[in-house]
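The opening position of the sequence shown corresponds to residue 388 in the working numbering, with each subsequent residue numbered one higher.
Just so it is clear, CB atoms sit at the ideal spot from N, CA and C, and this is done for glycine as well.
One structure is given below, encoded as structure tokens.
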Amino acid sequence: MKNIIKKAIAAGLLFAITGSFAACGKAAPTQVNTNVGSDTQTEAQADAQANVVLKVGANITPHAEILEVAKPILAEQGITLEIVRLEDSVTPNTGVIEGSLDANYFQHVPYLEQFNKENGSDLVSVGAVHYEPFGIYAGRVKDLKDLQDGAVIAVPNNVTNEARALLLLAQEGIIKLKDDAGINATVEDIVENPLNIQFKELAPEQLVAALPDVDVAVINGNYAIEGGLHVSQALAVEANDGLAAQTYGNIIATSPDKANDPAVKALIEVLQGPEVAKFIEDTYDGAVVPLFG
């Protein structure tokens, strides 16, 4: 009888021990599988955050070219910069408003403010990158001293850039503006026009093509470059330390909800960095001037 009891106890202990190992064997794979799934999900989330696509609308020259320099630098940070090349001065802003673009790079603050005013929009500047000196370029007349009575001068037809053109003409003594005209100057602010200059207002991108038909033209730096002109050929150029340089820096603009977006901030940091500054200085022969670097 004692032997039977001993055998029963031994069998019970063996069953308990075997069951204990079996339970541990089942628990271990479940725990490992859970951890693997969690790690995979975390890595996928990290990849999604790292591979950000940033769509920026830009005029072709020099803005898109400058963005190309920033592109590989941003790629190292996990940001894919998609450059959307646009030739006009409206769709880069409407694209941001409609959401097809995250930001744009083509304008200065006075133009942005005027656009917002006229369109009821609220786009914001998140940083300036470079300055493009306006120049007066020869058409039929090769020297400003040779301008005759009734000379025709082509100027940009949008409010802010026309003001800038008038300021440059005033700088050169061709006209005189009211003392308080400033960056909002219009032809109505001209108080002296001794040569009876006739102003031909054209879209900025048409100014280079118009040169054969006017005496001179005041042209935006980027459109001068696109038209094959060099700042060294200009009859006069805005002073780099003047009101224009302080006011008309070309900016990155975006919507208010993306102003603090990490990818947009990274873009600004790169565009204001030494690599971009060196590219601008080496490439544009003074027609584009970096504001940082």
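Chain-order list of residues whose beta-carbon lies under 6 Å from that of residue i (same chain, five-residue window excluded)
| i | result |
| --- | --- |
| Leu658 | Ala457, Val516 |
| Pro520 | Gly608, Val624, Glu625 |
| Cys411 | Note that Cys411 scores a pLDDT of 35, beneath 50, so its modelled location is shaky and nothing firm can be said. |
| Lys565 | Asp576, Val578 |
| Gln558 | none |
| Asn493 | Sequence inspection shows Phe at residue 493; the Asn mentioned does not correspond to that position. Contacts found: Ala445, Asn446, His450, Pro479. |
Residue i CB to nearest heavy atom of the ligand COA below 7 Å
| i | result |
| --- | --- |
| Phe521 | What this structure holds is no ligand at all, so the ligand COA is not there to describe. |
Residue range of the unbroken alpha helix (DSSP H) whose run includes residue i
| i | result |
| --- | --- |
| Ala552 | 546-558 |
| Tyr610 | 608-613 |
| Val483 | 478-485 |
| Ile667 | 661-670 |
| Ile460 | 452-462 |
| Glu656 | 649-658 |
| Thr634 | 630-634 |
| Val618 | Note, Val618: premise wrong, no alpha helix (DSSP H); not H, not E. |
Assigned exposure category for residue i - 16 Cβ within 10 Å defines buried
| i | result |
| --- | --- |
| Val675 | buried |
| Asn583 | exposed |
| Thr573 | exposed |
| Gly526 | buried |
| Asn548 | buried |
| Gly615 | exposed |
| Glu452 | buried |
| Asn545 | buried |
| Thr467 | exposed |
| Pro661 | exposed |
| Ser619 | exposed |
| Ala590 | exposed |
| Glu485 | exposed |
| Thr429 | Confidence at Thr429 is low in this model, with a pLDDT of 49, below 50, so the placement of that residue should be treated as unreliable; the coordinate-derived value is given next. Its Cβ having fewer than 16 others within 10 Å, Thr429 is exposed. |
| Pro599 | exposed |
Residue i - partner residues in DSSP beta bridges
| i | result |
| --- | --- |
| Phe586 | Ile540 |
| Tyr677 | Correcting the residue type first, residue 677 is Pro in the shown sequence and not Tyr. DSSP output for Pro677 lists His517 as bridge partner(s). |
| Gly522 | Ile606, Val624 |
| Ala640 | Asn491, Ser512 |
N-terminal and C-terminal residue of the beta strand (DSSP E) that residue i is part of
| i | result |
| --- | --- |
| Gln494 | 490-495 |
| Val443 | 439-445 |
| Glu469 | 466-472 |
| Ile577 | 577-579 |
Proximity of residue i and residue j at Cβ, strictly below 8 Å
| i | j | result |
| --- | --- | --- |
| Ile447 | Glu668 | no |
| Ala490 | Val595 | no |
| Ile523 | Leu622 | yes |
| Ile570 | Ala541 | no |
| Lys442 | Leu499 | no |
| Val513 | Ile639 | yes |
| Gly507 | Pro479 | no |
| Leu454 | Val483 | no |
| Leu654 | Leu473 | no |
| Ala604 | Leu554 | no |
| Glu469 | Val439 | no |
Close-in-space but distant-in-sequence residues of the same chain around residue i (CB under 7 Å, 5 per side omitted)
| i | result |
| --- | --- |
| Val539 | Gln585, Lys587, Val601, Asp602 |
| Gln464 | Ala653 |
Beta-carbon proximity list for residue i, same chain, < 8 Å, skipping 5 on both sides
| i | result |
| --- | --- |
| Gly636 | His495, Val496, Ala515, Val516, His517, Tyr518, Leu678 |
| Lys645 | Asp489, Ala490, Val651 |
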